[in-house]
Amino acid sequence: MHIYLDESGDLGFSEKSTKFFTIACVTMDNTTLFRRSVKKVKVKYDIPRDTELKGYKTRNEIKRDLLTRLAALDIEIHAITVKKANVDKKFQKDTNILYNYMVGLSLVPIILRQPADARIFINVDRRTISLTSGFKFNEYLKYKTWYEGNRPDINLEIHHMDSHEDYGIQGIDVICNSVYRKYSSGNYKLFNLLRSRIRTDRRLFFTKQK
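See below:
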């Protein structure tokens, strides 16, 4: 299985920070059609190869075209969004822990559902993973899978990709931003294009903690 993972929003807690933060991943058995769909859209709209498709700045016309193509593929989308105003203080002090916590709730269950001796390729934007305390992203996933999940049979291959060079990372960027916009601005238009492929759309801390 192949997984692409990305995030939208930021994990800051200042007045200028985003109100929501989303992590999304897309799973598939083969990446060829997924990456090819992104490439075809870039060619169609004369977007240079070294120019990234980015969810927050790509024109809606282009995103609609891409998401319609991706929704026709045999993929599954999983997302988790946190409402930062309700995040516990201990998470605010170390956002690396919050990031890992969200990954543990969203990505790890997908991994643990795979059959014995599964080989899983996880691709993330190199700029996304910049954890500085506690478990690093790779080590955290392996710990949750092999030890806490008791699945040492699963072979995890984690790749940190340059998004401007990888069509798959650009695809999940647009997908993730479409989920994020549903919460940040109440805009469901792009999200609805993906609805048939969304398997989980989890909300975290949407009610105030006591």
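Residue 311 is where the sequence shown starts when you use this note's numbering, and the numbers rise one by one after that. For every residue, glycine included, the Cβ atom is placed at its ideal position computed from N, Cα and C.
What is the DSSP secondary structure of residue i, counted as helix, strand or coil?
i           : result
residue 311 : coil
residue 466 : strand
residue 340 : coil
residue 509 : strand
residue 429 : strand
residue 447 : helix
residue 517 : coil
residue 475 : helix
residue 325 : coil
residue 319 : strand
Are there 16 or more other CB atoms within 10 angstroms of the CB of residue i, so buried, or fewer, so exposed?
i           : result
residue 475 : exposed
residue 384 : exposed
residue 403 : exposed
residue 353 : exposed
residue 340 : exposed
residue 491 : buried
residue 426 : exposed
residue 342 : exposed
residue 312 : buried
residue 457 : exposed
Please list, in chain order, all residues of the same chain as residue i whose beta carbon is under 7 Å from its beta carbon, the five residues on each side excluded.
i           : result
residue 480 : 348, 362, 363 and 473
residue 503 : 374, 377, 378 and 381
residue 487 : 318, 365 and 366
residue 358 : none
residue 506 : 381
residue 321 : 331, 405, 408 and 409
Return the chain-ordered list of same chain residues with a C-beta closer than 6 Å to the C-beta of residue i, the five sequence neighbours on each side being excluded.
i           : result
residue 386 : 337 and 509
residue 518 : 396
residue 493 : 330 and 391
residue 498 : 492
Out of the options, which has the shortest C-alpha to C-alpha gap to residue i?
i           : options               : result
residue 430 : 452, 352 and 350      : 452
residue 428 : 392, 372 and 467      : 467
residue 371 : 494, 484 and 492      : 484
residue 420 : 492, 461, 332 and 328 : 461
residue 344 : 489, 490, 501 and 477 : 477
residue 454 : 358, 413 and 324      : 413
residue 516 : 394, 351 and 357      : 394
residue 464 : 424, 316, 489 and 449 : 424
residue 316 : 332, 351 and 325      : 332
residue 471 : 356, 351, 311 and 432 : 432
residue 314 : 499, 325 and 334      : 334
residue 435 : 417, 450, 482 and 449 : 482
residue 501 : 356, 388, 326 and 346 : 388
residue 323 : 368, 360, 398 and 350 : 398
Closer than 8 Å by C-beta to residue i: which residues in its own chain qualify, once you throw out the five before and the five after it? Chain order, please.
i           : result
residue 401 : 407, 408 and 411
residue 415 : 390, 512 and 514
residue 418 : 451, 454, 455 and 459
residue 437 : 473
Unbroken stretches of the alpha helix (DSSP H), 4 residues or longer, contained in the segment 352-426
370-381, 399-403 and 405-422
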